[in-house]
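Per the numbering used here, the very first residue in the sequence shown carries number 39; after that it's consecutive.
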Amino acid sequence: MNLVSVVDRWSKEVPSKPALISPEKEEALTYAAFKKATEHFAVALREMGIGPGERVFCLLPNSPEFVISFYGTMRAGAIFVPVNPAYQEHDLGAILLDCTPKLIITTPEKLAVLQGFLPRLPQSRVVLVAEEAQEHLSFSTLLANREGFSFPPLQDEEVAELIYTSGTTGEPKGAMLTHDGLARNAFNFSQTMKFSSRDVSLLMAPAFHIAAQTCLLNVSLVSGATVVCSGWNLHRFFEAFSRYKITYFFGPPTFYIQILENYNPQEHDLSTWRAAFSGAAPVPEEVFHRFQKTFGFPIIEGYGLSETSPVVAHNPIDGPQKPQSIGRAFPEVEIRIVDRNDQDLPPGEVGELITRSPYLMKGYWNRPKETAEAIKGGWFHTGDLAYVDHEGYYYIVDRKKDMINKGGCKVYPREVEEVLFKHPAVIDVIVVGVPDLLRGEEVKAYIVPRPGKEVSVRELKKYCRANLAPYKVPRYIEFVSSLPKTVTGKPLRRLLREGEKEKAPVG
């Protein structure tokens, strides 16, 4: 199974039905037009010598161009590499140099950030989504009419996409997801969430993220539904419901919190909304109950990982909902809760959640050591601590890693620390996650200033903004005289987190 062939079926059954709608551009692509655009894109790739196994690096916001690039790359048998547009130079360079793409698709603004890496990538051509591409190719030229090229059938077990995730060191790792894994995860999600071709989905979660791809974009297209493609904005959210009669939405808890805070039934018509899904971070119980009371149906909460295409579990749409639970195992997924020796634990006991399924990645790109550490005997070790109840519902308790989950965005303390360590006025630093009602967690840095050096919170935040993605910048900074560490020098983050209960953050 692959996404391209499933979506092609809808181009025959409902050729004139809108597949993608862009409110900002006031344009729609029918299923027939979408198929043709991806065919032209795929032929253009082949004409440039880009075929099976070659990488296409895509640094674009939510847009029809992103979706055409995604499906067109898969149609050509090449590997799609979507990247977070919020990433700064360090992150972008690490991914570029790791995947060594044959093609880079981006905007003029983002190209300026990538420019310094291009001399090290002589094989990479650049395509710009812009009216004036200057010395580079324009995206529109890729969609020019091209005929007469036939593509061999896609191999289900081949890599379709590299989804970059960070390890405990903060270094990016590319999870190699297959055509079959992506398609089956989306198809089964369509069944469990009761999708149909009558659905109209609103894509506002970032499309570079595997959760937004599978749990909104792909599931909608394999179901013959319509996707309204935009970026997160409350005004556009309410306007889209009124204009397009949206039936389905996916987003992190932060989106739902803002929706609840701003929803006015006298002003906003959300009567067509039938289902909402969240899986990037835990939904606060108060938000869960408030949402159900307001709209008459629950937020379906689930759990997934970049390495698993991504859905591993979710609460049933028409069965008992358990707040704070990630639900039951997804179709074709096996889940175990194990101790440190990989021995199964009984219900109620906390251990590491490990999983096995046909959706599992083939491994990490160019990282056999990390692959062997993560996948043992066919089981992926998530690093998440969890337990299962007697009814088969799973609960995430904590993370073995110190990763900060800020509204569904992963922030690794060491990465932020490494940036702050480079500031001349900083002699020591520990970064932790602190509770935050809106985002689940916020980033806080404890800093020991260098003697004789003057530095302000404002200056350090400005420094971080220049070197980190916006969501990684510490919201809180506190100056301290010393930091808790073990005798071997390892930071005792737990003590700092516990201390947050006793004092208010500064910054």
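Using N, Cα and C, we set each Cβ at its ideal position, and we do this for glycine too. The model shown is predicted, which means the values in this text are computed figures rather than measured ones.
Assuming leucine 326 and proline 361 are in contact, meaning their beta carbons sit under 8 Å apart, how far apart are those beta carbons, in whole angstroms?
Checking the sequence shown, residue 326 turns out to be phenylalanine, not leucine. With a Cβ gap of about 5 Å, phenylalanine 326 and proline 361 count as contacting.
Would you be able to state if there are at least three C-beta pairs under 8 Å between the region 116–135 and the region 84–100?
Touching, per the Cβ criterion.
Is it buried or exposed for serine 494, if we count other Cβ within 10 angstroms and need 16 for buried?
exposed
Whole angstroms is fine: what's the gap from leucine 41's alpha carbon to leucine 220's?
Approximately 7 Å between the Cα atoms of the pair.
From which residue to which residue does the alpha helix (DSSP H) around asparagine 505 run?
495–505
Cα-Cα separation between histidine 128 and leucine 506, rounded to whole angstroms:
8 Å
Do you know how far the Cα of isoleucine 364 is from the Cα of glutamate 536?
26 Å
Can you give the beta carbon distance from leucine 546 to alanine 57, rounded, assuming they're within the 8 Å contact cut?
Residue 546 lies beyond the stretch modelled for the chain, which goes from 39 to 545, so this question has no answer here.
Rounded to the nearest angstrom, what separates alanine 71 and arginine 47 at their Cα positions?
The alpha-carbon separation between alanine 71 and arginine 47 amounts to approximately 13 Å.
Just curious, the beta strand (DSSP E) that arginine 374 is in, first and last residue?
372–376
Quick check: what's the CA-CA separation for arginine 312 versus leucine 521?
50 Å
Use the C-beta contact count for histidine 461: other C-beta atoms within 10 angstroms, 16 or more gives buried, fewer gives exposed.
buried
Comparing C-alpha positions only, which one of Leu343, Leu141 and Leu534 sits nearest to serine 107?
For serine 107, the closest C-alpha among the options Leu343, Leu141 and Leu534 is that of Leu141.
Excluding the 5 residues preceding and the 5 following phenylalanine 287 in the sequence, name in chain order all residues of the same chain whose CB lies nearer than 6 Å to its CB.
Leu240 and Ala314
So, with DSSP's three-state summary, where would you put glycine 212?
strand
Segments of 4+ residues assigned as alpha helix (DSSP H) that fall wholly inside the region 269–313
List check, alpha helix (DSSP H) in window: 272–282 and 291–300.
Report all residues from its chain with a CB closer than 8 Å to the CB of isoleucine 88; omit the five preceding and five following residues, and keep chain order.
Val94, Ala114, Ala116, Lys140 and Leu141
Where the alpha helix (DSSP H) through phenylalanine 227 begins and ends:
217–230
Span of the alpha helix (DSSP H) around aspartate 194:
Per DSSP, aspartate 194 belongs to no alpha helix (DSSP H) and is neither H nor E.
Quick one: grab the DSSP three-state call for arginine 163.
strand
Per DSSP, which residues does tryptophan 417 bridge with? Please list them.
Residue pairing from DSSP places tryptophan 417 in a beta bridge opposite Lys414.
Can you tell me where the beta strand (DSSP E) holding histidine 428 begins and where it ends?
Where histidine 428 is concerned, there is no enclosing beta strand (DSSP E), given that its DSSP letter is neither H nor E.
What number of angstroms, rounded off, separates the C-alpha of valine 266 from the C-alpha of aspartate 237?
11 Å
Please classify asparagine 226: is it buried, with 16 or more other beta-carbons within 10 angstroms of its beta-carbon, or exposed?
buried
So is histidine 217 buried or exposed if we call it buried at 16+ other beta carbons inside 10 Å?
Only buried fits histidine 217, as 16 or more other CB atoms lie within 10 angstroms of its CB.
Three-state class that DSSP yields for alanine 168 in the structure shown
coil
Using a threshold of 8 Å, state whether the C-beta atoms of valine 44 and tyrosine 69 are closer than that.
Tyrosine 69 sits away from valine 44, with the two beta carbons spaced by 8 Å or more.
Helix, strand or coil for proline 157? Go by DSSP, reduced to three states.
Three-state DSSP puts proline 157 in a helix.
Whose CA, out of Ser258, Glu453 and Gln296, lies closest to the CA of isoleucine 284?
Of the residues Ser258, Glu453 and Gln296, the one whose Cα lies closest to the Cα of isoleucine 284 is Ser258.
According to DSSP, what are the bridge partners of arginine 93?
Ile117
Between arginine 374 and the rest of its own chain, which residues show a CB-CB distance below 6 Å, the 5 nearest in sequence each way excluded?
Asp382 and Ile392
Run through DSSP, which three-state label would alanine 70 get?
helix
Delimiting residues of the beta strand (DSSP E) encompassing cysteine 267
264–267
Name the residue from Ile59, Lys510, Asn300 and Gln161 whose alpha carbon lies nearest to the alpha carbon of methionine 242.
Of the candidates Ile59, Lys510, Asn300 and Gln161, the one whose C-alpha sits nearest the C-alpha of methionine 242 is Ile59.
In the DSSP assignment, the beta strand (DSSP E) including proline 358 goes from what residue to what residue?
Premise fails: proline 358 is in no beta strand (DSSP E) and is neither H nor E.
Would a C-beta distance cut-off of 8 Å place proline 487 and phenylalanine 459 closer than the cut-off?
For proline 487 and phenylalanine 459, no; Cβs fall outside 8 Å.
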